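Here's the structure we're looking at; comments come further down.
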Amino acid sequence: MKTTAKTLLAIILSCFAFVGIANAQDTKSTELFNGKDFTGWTFFERGNTDPTKTWSISNGMIECTGKPTGYMRTEKKYSDFKVTVEWRFPTNMVKPINTGVCVFMQDRPADAPTNQVWPNCIECQGMHDHQGDFWLQGGATCSEPVTQGKNGIKMTIPSAEKPAGEWNTFEAICRSNTVEIVVNGTSMSKITGCNNSSGYIGLQSEGGPWEGRKVSIEPLQ
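The opening position of the sequence shown corresponds to residue -3 in our numbering, with each subsequent residue numbered one higher.
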């Protein structure tokens, strides 16, 4: 049976279409939190305490008490990605509650004391009214000068955070050795020249309760 030129062209075009679909699927976001359990995550709390007293799941959402200080982090390392977290603070918040998204997180040194919480990582600040600041933890560095404390970089525009009780969409866009924070669609700040360009992704427990209903990751091309 002979293959006509039209048939051959149709086969070639269908192959390109299949490759295009596969590439489109590769760029889709993946849920890091499945809403049922903490599969794919590991934990560390100050003093190496029981993480189940800090982290739980209720109605498909992450419930964090904020105490003691610590984090849940992915078991896998990532590079060139956008991580999106949807979270909120309780309506009865009387003072700013602190949390954050850590990117380019490295392993804790095996000999690190249990009261030393943060490994080398970039903290994308999640504290109420400060979502857009950066903190350089555990030896992390970047090209931009520190503007607060010993290792903090303050955002230069007003907060884009919603009031307590409302859901915020917090994005950390990590391309090569740069990190950009986007809050509710507004680009808040960006740092460049970080001394790491890959690592784990962490969510912080740091002083007060918050809820999260989504944690997803999308590869960057």
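Where a beta carbon is used, it is the ideal one built from N, C-alpha and C, also for glycine. Just so it is clear, the structure is predicted and the values come from calculations on it, not from any experiment.
| Asked | Found |
| --- | --- |
| C-beta atoms of residue 201 and residue 31 nearer than 7 Å | no |
| Residue from 159, 141, 87 and 51 whose Cα sits closest to the Cα of residue 190 | 141 |
| Limits of the unbroken beta strand (DSSP E) element including residue 52 | 51 to 54 |
| When 75, 45 and 53 are compared against residue 66, the one with the closest alpha-carbon | 45 |
| Residue 174 - containing beta strand (DSSP E), residue span | 174 to 179 |
| Residue 96 Cβ short of 6 Å to the ligand NAD heavy atom set | With respect to the ligand NAD, the structure offers nothing, as it holds no ligand at all. |
| Host beta strand (DSSP E) of residue 28 (start-end) | No beta strand (DSSP E) contains residue 28, which DSSP labels as neither H nor E. |
| As assigned by DSSP and simplified to three states, the class of residue 88 | coil |
| Three-way DSSP call (helix, strand, coil) for residue 215 in this model | strand |
| Contact under 7 Å by Cβ, residue 71 with residue 98 | no |
| Counted within 10 angstroms of its Cβ, other Cβ atoms place residue 216 as buried (16 or more) or exposed | exposed |
| Residue 154 versus residue 179 - alpha carbon distance | 11 Å |
| Cβ shell of residue 77 (< 7 Å), same chain only, five flanking positions each side left out | 170, 213, 214, 215 and 216 |
| Residue 149 beta carbon less than 7 Å from that of residue 130 | yes |
| Where residue 220 falls, given that 16 or more other Cβ within 10 Å makes a residue buried | Nothing can be reported for residue 220, as the shown portion of the chain is limited to -3 through 217. |
| Cβ shell of residue 156 (< 6 Å), same chain only, five flanking positions each side left out | 179, 180 and 182 |
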